[in-house]
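Read the structure below first, then the notes.
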Amino acid sequence: MLMNDLASIPIFQRYQSNATISSVIDYIYVGTTIHHNLKDTQLIRLHQSWPDHSILQVSFIAGQAPTDPGLWWANPLYASHSALKDHITHKINQLMQSLSRGTRITPADRWDKIKSMTKKVIRSYGYSYVDWRKAAVRQLERKRIRILRGKPPLAIKEQLIEPIDRMLGKLQKGLAILDGLKAGIRWREQGEKSAGFFKRLHQQRTVQQHMTAVKDMDQHLSINNVEAVPPADHTSDPTAMREIVREYCQGLYTIDYVQDIEIDNYLNSIHFSKRVDQCENDALVSNITMDELLEQVQCSPKQSSPSNDGLGYQYLHILFAIPSLKKLILEVYNNALTKEETRHLGKIFVYGYHQKKEIYLI
Numbered sequence: 462m463l464m465n466d467l468a469s470i471p472i473f474q475r476y477q478s479n480a481t482i483s484s485v486i487d488y489i490y491v492g493t494t495i496h497h498n499l500k501d502t503q504l505i506r507l508h509q510s511w512p513d514h515s516i517l518q519v520s521f522i523a524g525q526a527p528t529d530p531g532l533w534w535a536n537p538l539y540a541s542h543s544a545l546k547d548h549i550t551h552k553i554n555q556l557m558q559s560l561s562r563g564t565r566i567t568p569a570d571r572w573d574k575i576k577s578m579t580k581k582v583i584r585s586y587g588y589s590y591v592d593w594r595k596a597a598v599r600q601l602e603r604k605r606i607r608i609l610r611g612k613p614p615l616a617i618k619e620q621l622i623e624p625i626d627r628m629l630g631k632l633q634k635g636l637a638i639l640d641g642l643k644a645g646i647r648w649r650e651q652g653e654k655s656a657g658f659f660k661r662l663h664q665q666r667t668v669q670q671h672m673t674a675v676k677d678m679d680q681h682l683s684i685n686n687v688e689a690v691p692p693a694d695h696t697s698d699p700t701a702m703r704e705i706v707r708e709y710c711q712g713l714y715t716i717d718y719v720q721d722i723e724i725d726n727y728l729n730s731i732h733f734s735k736r737v738d739q740c741e742n743d744a745l746v747s748n749i750t751m752d753e754l755l756e757q758v759q760c761s762p763k764q765s766s767p768s769n770d771g772l773g774y775q776y777l778h779i780l781f782a783i784p785s786l787k788k789l790i791l792e793v794y795n796n797a798l799t800k801e802e803t804r805h806l807g808k809i810f811v812y813g814y815h816q817k818k819e820i821y822l823i
């Protein structure tokens, strides 16, 4: 492969009679019609117990994927990593310093910027944490190719290449096991808490991410040049599917008219057996303290998230523990009791009885 100067790197390698036989015998040819879509080329050395040929990998820019990545949720397991906590604290402190020198913005907008920065830090950390095996393989492959380009003597080449191939083999075996688990080819029955749960979760996500067809609820919707899938009121055309889903979701957010008499009848049917007196009311509307916020974050379920930002309660606990954010956090949450600031927080419910105030961050 001429790209990345891989034309002279041996593709075939076999150990025979205490000697190594290597040569270039595999090629990939790209036509002129798709040559401009060529993105990258790579030579991947496989474990010696696998085929004695390396893999020639060619990447093309083909177009957009049929499915979106979906909603992003921060992995709650990363919240216990001290390296991530320190990185979040460092980045947030830098952001707070820049915001204090910049233009004046509302506390809720500052809180939005802080959560956005936290998401970027967690995503970057997650990519590097998950991808360490592939990064190590790429680094070893670059080192191997660099040695082969130098064309050292045979004895020196075997001395340098053998430990690299051994490390590559171990990493590739681990990647093969993980790819098999992701593809659903096989599932570990030991080592996890529930292998069946992982399998069902994988199947459920696959179904949710790919919608093969939708039912046309409006029979008057014109769909041209669409070959319907049985039954006849279903369509798999992407353009028609987007239009049907858009109209369906639009109907969900359309206000339905309700007569005043129906509202009055509903309110008259509600009876409160207990009422809140003035002392209890004062306790409920008193300012939220940091201790109350930390208490509610710690007792909140790990699986849930306070809003569509994808940050679970574990990460809110990390943010609440940063000293430079305490003043801003108290200002934001207390403003939500008296001002229309809840659009940045999701929803805040303050509920209490017998002078006990509970804060629900939803």
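With the sequence shown counted from 1, adding 461 to any position gets you the working numbering.
Note that CB positions come from ideal geometry on N, CA and C, so glycine has one too.
Assign residue i to buried or exposed, taking buried as 16 or more other Cβ atoms, counted over all protein chains shown, within 10 Å of its Cβ.
{"i": "residue 637", "result": "exposed"}
{"i": "residue 576", "result": "buried"}
{"i": "residue 758", "result": "buried"}
{"i": "residue 709", "result": "exposed"}
{"i": "residue 790", "result": "buried"}
{"i": "residue 773", "result": "buried"}
{"i": "residue 579", "result": "buried"}
{"i": "residue 700", "result": "exposed"}
{"i": "residue 515", "result": "buried"}
{"i": "residue 593", "result": "exposed"}
{"i": "residue 727", "result": "exposed"}
{"i": "residue 538", "result": "exposed"}
{"i": "residue 535", "result": "buried"}
{"i": "residue 718", "result": "exposed"}
{"i": "residue 609", "result": "buried"}
{"i": "residue 694", "result": "exposed"}
{"i": "residue 677", "result": "buried"}
{"i": "residue 571", "result": "buried"}
{"i": "residue 549", "result": "buried"}
{"i": "residue 731", "result": "exposed"}
{"i": "residue 722", "result": "exposed"}
According to DSSP, is residue i part of a helix, a strand, or is it coil?
{"i": "residue 573", "result": "helix"}
{"i": "residue 501", "result": "strand"}
{"i": "residue 732", "result": "coil"}
{"i": "residue 747", "result": "coil"}
{"i": "residue 700", "result": "helix"}
{"i": "residue 595", "result": "helix"}
{"i": "residue 663", "result": "helix"}
{"i": "residue 518", "result": "strand"}
{"i": "residue 793", "result": "helix"}
{"i": "residue 580", "result": "helix"}
{"i": "residue 612", "result": "coil"}
{"i": "residue 671", "result": "coil"}
What residue range does the alpha helix (DSSP H) around residue i cover?
{"i": "residue 785", "result": "Here residue 785 belongs to no alpha helix (DSSP H), and DSSP marks it neither H nor E."}
{"i": "residue 545", "result": "543–562"}
Can you grab the Cα-Cα spacing for the pair residue i / residue j, in whole Å?
{"i": "residue 798", "j": "residue 751", "result": "15 Å"}
{"i": "residue 624", "j": "residue 776", "result": "41 Å"}
{"i": "residue 532", "j": "residue 771", "result": "8 Å"}
{"i": "residue 588", "j": "residue 733", "result": "52 Å"}
{"i": "residue 544", "j": "residue 586", "result": "9 Å"}
{"i": "residue 621", "j": "residue 502", "result": "24 Å"}
{"i": "residue 665", "j": "residue 671", "result": "10 Å"}
{"i": "residue 784", "j": "residue 796", "result": "20 Å"}
{"i": "residue 702", "j": "residue 668", "result": "16 Å"}
{"i": "residue 781", "j": "residue 581", "result": "18 Å"}
{"i": "residue 688", "j": "residue 704", "result": "Its pLDDT being 43, under 50, residue 688 is placed unreliably by the model, and nothing is read from it."}
{"i": "residue 612", "j": "residue 606", "result": "10 Å"}
{"i": "residue 741", "j": "residue 696", "result": "58 Å"}
{"i": "residue 522", "j": "residue 747", "result": "58 Å"}
{"i": "residue 713", "j": "residue 760", "result": "33 Å"}
{"i": "residue 682", "j": "residue 716", "result": "Bear in mind that the predicted position of residue 682 carries a pLDDT of just 44, short of 50, making it unreliable; the figure below should be weighed with that in mind. Roughly 23 Å between the two C-alpha positions."}
{"i": "residue 554", "j": "residue 617", "result": "51 Å"}
{"i": "residue 573", "j": "residue 566", "result": "11 Å"}
Find the nearest neighbour of residue i within the set the options, judged by alpha-carbon distance.
{"i": "residue 698", "options": "721, 673, 607, 709", "result": "673"}
{"i": "residue 631", "options": "606, 601, 756, 590", "result": "601"}
{"i": "residue 556", "options": "786, 792, 794", "result": "786"}
{"i": "residue 675", "options": "707, 713, 549, 559", "result": "707"}
{"i": "residue 519", "options": "546, 534, 499", "result": "499"}
{"i": "residue 639", "options": "617, 616, 610, 591", "result": "591"}
{"i": "residue 629", "options": "730, 596, 778", "result": "596"}
{"i": "residue 754", "options": "794, 558, 565", "result": "794"}
{"i": "residue 598", "options": "626, 778, 583, 735", "result": "626"}
{"i": "residue 547", "options": "563, 564, 583, 559", "result": "583"}
{"i": "residue 778", "options": "769, 756, 788", "result": "756"}
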